[in-house]
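Everything in the sequence shown is counted per the working numbering, starting at 1 for the first residue and increasing by one. Using N, Cα and C, we set each Cβ at its ideal position, and we do this for glycine too. Keep in mind that this is a model prediction, so the values were computed, not measured. Presented below is the structure to which this report refers.
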Amino acid sequence: MSSKIQLDPYTANAQNDNVTPAQKIEDLHKVIQGAQTGMLTTRASNGHFHSRAMTPIGPYSNSQVNLLFIANNASPKFQELENDSHVNVSFFDTSTTHWASFSGTARVIGDRAVIRQHWSSCISAYFGDLGDGIHKGDENDPRVVVIEVVPDEVRYWLATSGAVSRGVQEIAQAAQGKVAIPGELRTITKEEIQLAQGLGSK
């Protein structure tokens, strides 16, 4: 009877667990910085999944694994987060084919000190000044909060071949009945994430 490795040789051969947690996080940051924008997926009370493009803050430290987003708490996604805090955030860099997938939970931070720490004046354009003296679209606007995504697991793909090299490799391997592996599939486990969070809090 065939094993899982035999049935999915692409994943089995691409998986690389021989990387230190620090190197995994460093390369993950490269994926996020290259993609720039992620897709935050939440689940509504009717079970439907909704995704929207959001740009994360940072990374602001070498050990950062959590994702932070400035957001408007009047948007529908906050009702969905209240219904179910489990989320996914995915990134894809079209120039390299690097991708990353964060699976975890989200929490809402309304602490003004945290918001001011990560605030940029250009973010005001997403909120606008409503002219009531309260909702001014600045860091003190009560609509402005931070969504922190705390992952339980991060999986990402790091391409090791360029587009031309990938194409040549795929053709050559296909002709021989073999599997082309133009990159590495890595997993940052819950234990490694907890270790990184401990280092980041020191």
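Range covered by the alpha helix (DSSP H) that runs through residue i
| i | result |
| --- | --- |
| ARG112 | 112-118 |
| GLY34 | 21-35 |
| ASN83 | 77-83 |
| PRO9 | 9-14 |
Neighbourhood of residue i by C-beta, 7 angstroms cutoff - its chain only, sequence neighbours within 5 removed
| i | result |
| --- | --- |
| PRO56 | ILE32, GLY38, LEU67, LEU68, PHE69 |
| GLY92 | According to the sequence as given, residue 92 is Phe; it is not Gly. Around PHE92: ALA35, TRP99. |
| ASP141 | PHE127, HIS135 |
| SER103 | ASN88, PRO151, ASP152, GLU153 |
Simplified DSSP state of residue i, which is helix, strand or coil
| i | result |
| --- | --- |
| ILE70 | strand |
| THR97 | coil |
| SER124 | helix |
| TYR156 | strand |
| GLY198 | helix |
| LEU40 | strand |
| ILE109 | strand |
| GLU148 | strand |
Supposed contact pair residue j and residue i - C-beta distance, whole angstroms, cut 8 angstroms
| i | j | result |
| --- | --- | --- |
| HIS50 | THR41 | 7 angstroms |
| VAL154 | ALA100 | 6 angstroms |
| VAL87 | ALA106 | 5 angstroms |
| VAL145 | GLY110 | 5 angstroms |
| ALA14 | GLY183 | 6 angstroms |
Buried/exposed call for residue i, threshold 16 Cβ in 10 Å
| i | result |
| --- | --- |
| LEU158 | buried |
| GLN64 | buried |
| THR20 | exposed |
| HIS98 | buried |
| LEU81 | buried |
| LYS190 | exposed |
| TYR156 | buried |
| THR94 | exposed |
| ALA53 | exposed |
| ARG116 | exposed |
Cutoff 6 angstroms; reference residue i; Cβ partners in own chain excluding five residues on either side
| i | result |
| --- | --- |
| ILE188 | LYS24, VAL154 |
| ILE123 | ILE70 |
Boundaries of the beta strand (DSSP E) in which residue i is found, first to last residue
| i | result |
| --- | --- |
| ALA53 | 49-54 |
| GLU184 | 183-188 |
| ASN88 | 86-92 |
Check: residue i C-beta below 7 angstroms from any heavy atom of the ligand NAP
| i | result |
| --- | --- |
| VAL154 | As for the ligand NAP, it is missing from this structure, which has no ligand bound. |
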